[in-house]
Amino acid sequence: MQSLPALLDARLRELTGVDPEMRPATKPQFGHFQSNVALRLANEQGRPPREVAADIVAQLDVADLCEPLEIAGPGFINFRMRSDVLAQAVSQLLEDPHGGINPANHPQRVVIDYSAPNVAKTMHVGHLRTTIIGDCFNRVLSALGHTVIPQNHIGDWGTQFGMLIEQVLDEGLDASTLTLDEADALYKRAAARFKEDDEFATRARARVAVFQGGDEESLRIWRQLVDISKPAFNEAYRRLNVKLTDDDLAGESTYNDDLPVLVKELEDSGVAVMDDGALCVFVDGFEAPLIVRKSDGGYGYATTDLAAIRRRVNEIHADRIIYVTDLRQAGHFKQIFAAARKAGFLPGDVTAQHVGYGMVLGTDGRPFKTRDGSAATLGSLLDAAEEVAAPNIALAAIKYADLSNGLQKDYTFDAERMVQTTGDTGPYLQYAHARVNQILRKAEAEGIHWGSVTVLEEPAEQQLALKLSGFGEVVDEVAQSLQPHKLCAYLYDLAGALAAFYEACPVLKSEGDVRASRLALCAATQQVLAKGLDLLGIDAPERM
Ligand code: ARG
Numbered sequence: 009m010q011s012l013p014a015l016l017d018a019r020l021r022e023l024t025g026v027d028p029e030m031r032p033a034t035k036p037q038f039g040h041f042q043s044n045v046a047l048r049l050a051n052e053q054g055r056p057p058r059e060v061a062a063d064i065v066a067q068l069d070v071a072d073l074c075e076p077l078e079i080a081g082p083g084f085i086n087f088r089m090r091s092d093v094l095a096q097a098v099s100q101l102l103e104d105p106h107g108g109i110n111p112a113n114h115p116q117r118v119v120i121d122y123s124a125p126n127v128a129k130t131m132h133v134g135h136l137r138t139t140i141i142g143d144c145f146n147r148v149l150s151a152l153g154h155t156v157i158p159q160n161h162i163g164d165w166g167t168q169f170g171m172l173i174e175q176v177l178d179e180g181l182d183a184s185t186l187t188l189d190e191a192d193a194l195y196k197r198a199a200a201r202f203k204e205d206d207e208f209a210t211r212a213r214a215r216v217a218v219f220q221g222g223d224e225e226s227l228r229i230w231r232q233l234v235d236i237s238k239p240a241f242n243e244a245y246r247r248l249n250v251k252l253t254d255d256d257l258a259g260e261s262t263y264n265d266d267l268p269v270l271v272k273e274l275e276d277s278g279v280a281v282m283d284d285g286a287l288c289v290f291v292d293g294f295e296a297p298l299i300v301r302k303s304d305g306g307y308g309y310a311t312t313d314l315a316a317i318r319r320r321v322n323e324i325h326a327d328r329i330i331y332v333t334d335l336r337q338a339g340h341f342k343q344i345f346a347a348a349r350k351a352g353f354l355p356g357d358v359t360a361q362h363v364g365y366g367m368v369l370g371t372d373g374r375p376f377k378t379r380d381g382s383a384a385t386l387g388s389l390l391d392a393a394e395e396v397a398a399p400n401i402a403l404a405a406i407k408y409a410d411l412s413n414g415l416q417k418d419y420t421f422d423a424e425r426m427v428q429t430t431g432d433t434g435p436y437l438q439y440a441h442a443r444v445n446q447i448l449r450k451a452e453a454e455g456i457h458w459g460s461v462t463v464l465e466e467p468a469e470q471q472l473a474l475k476l477s478g479f480g481e482v483v484d485e486v487a488q489s490l491q492p493h494k495l496c497a498y499l500y501d502l503a504g505a506l507a508a509f510y511e512a513c514p515v516l517k518s519e520g521d522v523r524a525s526r527l528a529l530c531a532a533t534q535q536v537l538a539k540g541l542d543l544l545g546i547d548a549p550e551r552m
């Protein structure tokens, strides 16, 4: 569905050739929207603004949408939507099998690279954000009819396994019996030794080559570490209620066999050149080159990302690839994309986008820490929120707090505030949904039926209807711009319009067609709130 304001905007734009800058009217007596386009054109043309406005009103054909237009003050044009048009928009929404979402005209194959925790390490708050944000993109793009292929690029390879394996051997541990927290502690012990103990560091480095060369004992320990990590990741996904499964795993190790082949191709084609012992791709605009093979012959994070792009293009046939990581990796991806384009791995018709997010802060304005002062893990954050609210409300609070600000901004994790059912919070939207459900339940229990919207005269009813007509548009915008806060703001406004409607218009206490119409309006609002929350990954309980 196209929103009614967008329809009006388009016609006025076509007639005048400029942006009509349509604004919501400041008072109900001015109608629903106002445009100052005549004032601006009059200025250019040196004519009286009211005369220009009169010309526009005479030529603009919107009788199918609006009441007769009015010219106000110095030359504003006021638009009032016809109540039957608003009523029809809501009725259409109720009948729409897509619930007001516009199916994409050109469905795409979209790879979303998100979550990506690291083996033998607990998930930290950064992984919380990528998991929540990626899940929201997954839901929004899937709802529009795109084919989403999540890729969980877990850190399951790389040089850290050199020291991990050495540490397991030194301590004589059976890695298969470790919990992820124990593996994390092992990692920390290994990392500390790596820094202090030269002999250990040398062995750990040597172990990398042995392990990546296929040594059986090393691979066995590596596999054990991977195997104990996956269930812990899945447990976090279950707790977060996100859609990731083992089928979405495509960790760094997946690309191991591709690396020498890809690097040789880069060398043969001259895209990569030797520099100071390392094989490098130089890309314009970057001071340091991208190292695709280190001087010791090893491959790093960047080479793996090039291999991943190539598979995503050649084998997954992606039209669009989206990466969700913290902002600090923005430079890495910019360089990877440029290098992949230069190497011909990323054709011009495939979009690659990095979405970076900011940090999670405590109420003291510093990176969030647990009570004992250690860096917060994903689990500890969920625990903190569940201390002040039931799990599904705590989760709504966390997800909404994460998605409702610009992603790039840091956000403050203030459990007490986030779980409030008033203000701009997830639980407030859940509450709005539960309340409208309650009305519909009561009506059903009393045997009151409603069908479509027939009467829609009150300004508060009309504002709610107008807001509802904008749902499809905002979902399109999120899919395009990857800015979930726009959907959050829309739902918050919708909940506000619903509250204003309750205030002004009795529902169950009214009668006849008015009551049936108001119930239909409630039903449409319930539908949009539920769908909108679902796109954010937030559960919409019927009762609270
Ligand atoms: N494992 C990395 C981390 O924890 C994120 C990986 C992101 N994806 C990628 N293709 N590089 O920071």
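When you read off a place in the sequence shown, starting at 1, and then add 8, the result is the number in the working numbering. Glycine included, every Cβ here is placed at the ideal spot set by N, Cα and C.
Any chance the CB of residue i is under 7 Å from a heavy atom of the ligand ARG?
i, result
"Tyr331", "yes"
"His362", "no"
"Pro125", "yes"
"Ala316", "yes"
"Asp313", "yes"
"Gly163", "yes"
"Asp121", "yes"
Since residue i and residue j should fall inside the 8 Å C-beta cutoff, what is the C-beta to C-beta distance between them, to a whole number of angstroms?
i, j, result
"Ala393", "Ala402", "4 Å"
"Gly259", "Ile162", "4 Å"
"Val358", "Asp327", "6 Å"
"Leu335", "Tyr365", "6 Å"
"Ala538", "Ala440", "Incorrect: roughly 11 Å between the Cβ atoms, too far for contact."
"Val119", "Arg246", "About 23 Å; that fails the 8 Å criterion."
"Gln42", "Ile85", "7 Å"
"Glu424", "Val396", "6 Å"
"Leu529", "Val98", "6 Å"
Restricting to Cα atoms, I'd like to know which of the options is closest to residue i.
i, options, result
"Glu22", "Thr312, Val70, Thr253", "Val70"
"Ala316", "Asn160, Tyr436, Cys288, Gln220", "Asn160"
"Ala200", "Gly180, Met171, Val216", "Met171"
"Cys288", "Val522, Asp266, Thr311", "Thr311"
"Gln446", "Glu295, Ala548, Gly222, Gly381", "Ala548"
"Asn264", "Gly222, Leu252, Ala112", "Gly222"
"Ala442", "Tyr245, Asn44, Ala531", "Ala531"
"Arg231", "Ile456, Asp164, Val65", "Asp164"
"Asp501", "Thr533, Thr371, Glu519, Ala524", "Thr533"
"Pro297", "Gly305, Glu243, Val279", "Val279"
"Ile324", "Val271, Thr138, Arg117", "Arg117"
"Phe376", "Leu47, Arg48, Leu136", "Leu136"
"Glu452", "Ala505, Arg523, Cys496", "Arg523"
"Val216", "Asp143, His362, Thr167", "Thr167"
"Ala14", "Leu490, Asp292, Glu481, His340", "Glu481"
"Ala66", "Thr24, Ala240, Glu103", "Thr24"
"Ile64", "Leu47, Gly54, Asp72", "Leu47"
"Pro399", "Val427, Arg374, Thr378", "Val427"
"Leu8", "Thr262, Leu194, Val483", "Since the first residue shown for the chain is 9 and the last is 552, residue 8 is missing from the structure and cannot be characterised."
"Asn413", "Asp17, Asp178, Gln491, Arg31", "Gln491"
"Phe169", "Leu12, Arg379, Leu194", "Leu194"
"Asp72", "Ala62, Gly81, Met89", "Met89"
"Glu190", "Val156, Ala240, Pro158", "Ala240"
"Pro111", "Leu12, Thr155, Asp304", "Thr155"
"Leu101", "Met552, Val133, Val461", "Val461"
"Phe290", "Asp313, Glu174, Lys350", "Lys350"
Do we get a CB-CB distance below 8 Å when we pair residue i with the residues of chain D?
i, result
"Thr167", "In the structure shown, chain D does not exist; there is a single protein chain."
For residue i, which residues of its own chain have a beta-carbon under 7 Å away from its beta-carbon, when the five flanking residues on both sides are left out?
i, result
"Cys513", "Glu466, Ala468, Glu469, Arg526"
"Ala50", "Pro56, Pro57, Val60, Gly83"
"Ala404", "Gly434, Pro435, Gln438, Ile546, Asp547"
"Glu588", "Residue 588 lies beyond the range of the chain shown here (9 to 552); nothing can be said about it."
By Cβ distance, which residues of its chain are closer than 8 Å to residue i, with the 5 residues on each side in sequence left out?
i, result
"Leu227", "Phe219"
"Ile140", "Leu248, Val250, Ile406, Lys407, Asp410, Leu411, Gly545"
"Pro36", "Pro467"
So, for residue i: in the same chain, excluding its five sequence neighbours on each side, which residues have a beta-carbon less than 6 Å away from its beta-carbon?
i, result
"Phe479", "Gly108, Val536"
"Asp266", "Ala315"
"Ala209", "Phe202"
task = Please confirm if the region 532-547 is in contact with the region 139-150, defined as three or more CB-CB distances below 8 Å between the two stretches.
result = With a cut-off of 8 Å on Cβ pairs, the region 532-547 is in contact with the region 139-150, counting three or more such pairs.
Three CB pairs or more closer than 8 Å across the region 470-486 and the region 84-101 = Result yes; three or more Cβ-Cβ pairs closer than 8 Å.
request  = Answer yes if the region 230-247 comes into contact with the region 123-132, meaning at least three C-beta pairs across the two stretches below 8 Å, and no otherwise.
outcome  = Yes, they touch.
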